[in-house]
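The sequence shown runs 6 to 275 under my numbering.
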Amino acid sequence: MDEVILKGLRFEGRHGVSTAERAVPQPFEVDLILGLDLRAAGRTDSLDKTVDYSLAYREVRHIVEEESFRLLEALAERIAERVLRLNRVIRADVVVKKLRPPIAGDYDYVAVRLQRERPEHRAYIGLGTNLGHREENLRAAGRRLEELPSSRVVKFSSTYPTRPWGKVEQPEFLNQVAAIDTRLSARELLRELMEIEEAMGRRRAEKWGPRVIDLDLLLYGDQQIEEPDLTVPHPGLTKRAFVLTPLLEIAPDLKLPDGRYLREILANLS
Numbered sequence: 006m007d008e009v010i011l012k013g014l015r016f017e018g019r020h021g022v023s024t025a026e027r028a029v030p031q032p033f034e035v036d037l038i039l040g041l042d043l044r045a046a047g048r049t050d051s052l053d054k055t056v057d058y059s060l061a062y063r064e065v066r067h068i069v070e071e072e073s074f075r076l077l078e079a080l081a082e083r084i085a086e087r088v089l090r091l092n093r094v095i096r097a098d099v100v101v102k103k104l105r106p107p108i109a110g111d112y113d114y115v116a117v118r119l120q121r122e123r124p125e126h127r128a129y130i131g132l133g134t135n136l137g138h139r140e141e142n143l144r145a146a147g148r149r150l151e152e153l154p155s156s157r158v159v160k161f162s163s164t165y166p167t168r169p170w171g172k173v174e175q176p177e178f179l180n181q182v183a184a185i186d187t188r189l190s191a192r193e194l195l196r197e198l199m200e201i202e203e204a205m206g207r208r209r210a211e212k213w214g215p216r217v218i219d220l221d222l223l224l225y226g227d228q229q230i231e232e233p234d235l236t237v238p239h240p241g242l243t244k245r246a247f248v249l250t251p252l253l254e255i256a257p258d259l260k261l262p263d264g265r266y267l268r269e270i271l272a273n274l275s
């Protein structure tokens, strides 16, 4: 795994078991090694393909200077938790050094080092196309899914011809579902899917209109997300047999986060 390294971040904070340690600021030093996939950043020279290390610095500074912990272990855990939320960061190696602990003796510092990783989630992606060479569109989208950072494709379903849904005066669709294991967040994954659509020529000019490729985030682990621009499970999932059929082909016992079996939902669709 590629790495972004921040070494020797120095701050003063109130951390320690004794009341005196938490009353007067003391010097601390933090080293961070952030693990992520940097291939896209190297190819595109784009900041949104990597972690903004100025944000990492500010996160650590806020935690050390503004929060208070009795143990270095708790301080390091808090830092790891926060930096793992930063864009594309999959692994965090955190070293927290207390430079002047209340211990008599000759030494450089005392420190805690820990390593943490984002959990992996099983996500399901719906693919659809009804313009151009539909089979090749699905193959091209599948190849791009296989190149997603910090992810691996587990399985593709068969392809299913489908009548148009919503606006019916358009060519027939081909639909498919992919299962992937990913350490990307749901929002990061959605952003990657939209970039694939754009790169393949998708234009969002008409709702339910024809498209070269359509990629929908159907499910992300057992998470339920309700945000203005991100809803998981996908709001159309339980209404569309053309999505449920390929999904159940590769995951026949799949349930929604609320416990409902998708095979029962499909059976009840007219």
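Yeah, the Cβ is synthetic: ideal placement off N, Cα and C, and Gly gets one too.
None of the values given here were measured: they were computed from a predicted structure.
- Nearest C-alpha to R208 among T134, Y165, E152 and D263: T134.
- For Y58, the three-state secondary structure derived from DSSP is helix.
- By the neighbour-count definition (other C-beta atoms within 10 Å, threshold 16), V101 is a buried residue.
- Per DSSP, the unbroken beta strand (DSSP E) holding V182 starts and ends at F178 to T187.
- Listed in chain order, the non-local C-beta contacts of P176 below 8 Å within the same chain comprise N135, L136, P169 and P215, local neighbours out to five positions each way being set aside.
- Beta-bridge annotation (DSSP): G18 is paired with Q31.
- Excluding five sequence positions before and after E254, the CB atoms of its chain that fall closer than 8 Å to its own CB belong to S162, S163 and V182, given in chain order.
- Per DSSP, the unbroken alpha helix (DSSP H) holding V88 starts and ends at L77 to V88.
- The beta carbon of L60 lies closer than 7 Å to those of L91 in the same chain, with the five residues before and after it left out.
- Sequence-distant partners of S23 (beyond 5 residues in either direction) whose C-beta falls short of 8 Å from its own C-beta, in its chain, are P107.
- Distance between A97 and L37, taken at the CA atoms: about 7 Å.
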